[in-house]
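Asker: Heads up: the sequence shown begins at 274 in the numbering used here, then just goes up one per residue.
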Amino acid sequence: MPSLAKVLIFVGLLLLVAGLLLWWLPKFPGFKGIPGDMVFKRENFTFYFPLGTSILLSLLLTLLIYLWRKFGG
Numbered sequence: 274m275p276s277l278a279k280v281l282i283f284v285g286l287l288l289l290v291a292g293l294l295l296w297w298l299p300k301f302p303g304f305k306g307i308p309g310d311m312v313f314k315r316e317n318f319t320f321y322f323p324l325g326t327s328i329l330l331s332l333l334l335t336l337l338i339y340l341w342r343k344f345g346g
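(1) Beta-carbon within less than 8 angstroms of Leu-288's beta-carbon, same chain only, minus the 5 sequence neighbours each way: which residues are those?
(2) Give every residue of the same chain whose Cβ lies closer than 7 angstroms to the Cβ of Met-311, excluding the five residues on either side of it in the sequence, and list them in chain order.
(3) Could you tell me the distance, in whole angstroms, from the CA atom of Met-274 to the CA atom of Ile-307?
(4) Look at the alpha carbon of Leu-277 and the alpha carbon of Lys-343, and state the distance between them as a whole number of angstroms.
(5) Let me know the secondary structure DSSP gives Phe-283 once reduced to three states.
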């Protein structure tokens, strides 16, 4: 299987896992997001800015890509 195909399958599985987590995590009682996620609420307007989640995902993806390049490719 070509290398690009492996990358696309890996990214697809990663997106699937992330989607399932985003779908299931808010259903758990007490889960309010991670520190750094910002929520601004007004009368009829809510703005959610997941800064902490973005930083965490960036770190995890960087680590996974580093490990994949070091050991897999």
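Beta carbons: idealized from backbone N, C-alpha and C, even for Gly. The model shown is predicted, which means the values in this text are computed figures rather than measured ones.
Answerer: Straight from the coordinates:
(1) Residue 288 sits at position 15 when you count from the first residue of the sequence shown. So no residue of the chain qualifies.
(2) As a working note, residue 311 is residue 38 in the sequence shown. Cβ within range, chain order: Phe-322 and Leu-324.
(3) Translated into the one-based positions of the sequence shown, residue 274 becomes position 1. Translated into the one-based positions of the sequence shown, residue 307 becomes position 34. Only weak support exists for where Met-274 lies, its pLDDT of 48 falling under 50; the value from the coordinates is given anyway. Rounded to the nearest angstrom, the two C-alpha atoms are 38 angstroms apart.
(4) Here residue 277 refers to the residue found at position 4 when the sequence shown is read from its first residue. Here residue 343 refers to the residue found at position 70 when the sequence shown is read from its first residue. Roughly 17 angstroms separates the two Cα atoms.
(5) Residue numbering aside, residue 283 sits at position 10 when the sequence shown is read from its first letter. Of the three classes helix, strand and coil, the one that applies to Phe-283 here is helix, per DSSP.
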